[in-house]
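Trainee: Okay, here's the structure, questions in a sec.
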């Protein structure tokens, strides 16, 4: 039988801080402080990995926003001050808009997945199956 290695998550952050600050501590808690059977642990890890992947997507959009912004600033530094131009052409960056929009979408999506994580920990009888973080977080507070 061949030896298998499964990679569940590739952390794009510097020094792997999602992995170090979220994945490893959550796995340790699940292994050391719960009585999960194998199926329950698998379910927990599946939910946990979705949160980690959403965190990675959020980080990537923040990183891309910074890169686009830096490039725009560098380009504008080469131009004369706007006040000194007879024709003042102002461009609003669609790329910046799209990156901040995607950042916010991924951030909300991360919260939606995070709201489902307690279901794997405390069970269906004690935690509702929340579809989203919902109602400015009030759905989670009520749960």
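Residue numbers (our numbering): 1186 to 1328. Where is the CB? At the ideal position from N, CA and C, for every residue including glycine.
#1: Given residue 1273, which residues of its chain have a CB within under 8 Å of its CB, disregarding the five upstream and five downstream residues?
#2: In or out: residue 1291 buried (at least 16 other Cβ within 10 Å) or exposed?
#3: Can you tell me where the alpha helix (DSSP H) with residue 1221 in it begins and where it stops?
#4: May I ask you to report which of helix, strand or coil DSSP gives residue 1232?
#5: Quick one, are the C-beta atoms of residue 1196 and residue 1190 less than 8 Å apart?
#6: Thinking just about the alpha-carbon of each residue, which of 1209, 1284, 1205 and 1308 is nearest to the one in residue 1245?
#7: Thinking C-alpha only, which one of 1207, 1192, 1303 and 1260 is nearest residue 1219?
#8: Nearest to residue 1229 by CA position, among 1308, 1320 and 1324, is which residue?
#9: So residue 1288 and residue 1243 are supposed to be a Cβ contact under 8 Å. How far apart are they, rounded?
Mentor: Here's the rundown:
#1: Excluding sequence neighbours, residue 1273 sits near 1267.
#2: Around the beta carbon of residue 1291, 16 or more other beta carbons sit within 10 angstroms, so the residue counts as buried.
#3: In this chain, residue 1221 is not harboured by any alpha helix (DSSP H), its DSSP state being neither H nor E.
#4: Looking at residue 1232 - three-state DSSP - the assignment turns out to be helix.
#5: Taking 8 Å as the cut-off, the beta carbon of residue 1196 is found no closer than this to the beta carbon of residue 1190.
#6: Of the candidates 1209, 1284, 1205 and 1308, the residue whose Cα lies closest to the Cα of residue 1245 is 1284.
#7: The option with the nearest alpha carbon to residue 1219 is 1303.
#8: Nearest in C-alpha terms to residue 1229, of all of 1308, 1320 and 1324, is 1308.
#9: So it is a contact: roughly 6 Å between Cβ atoms.
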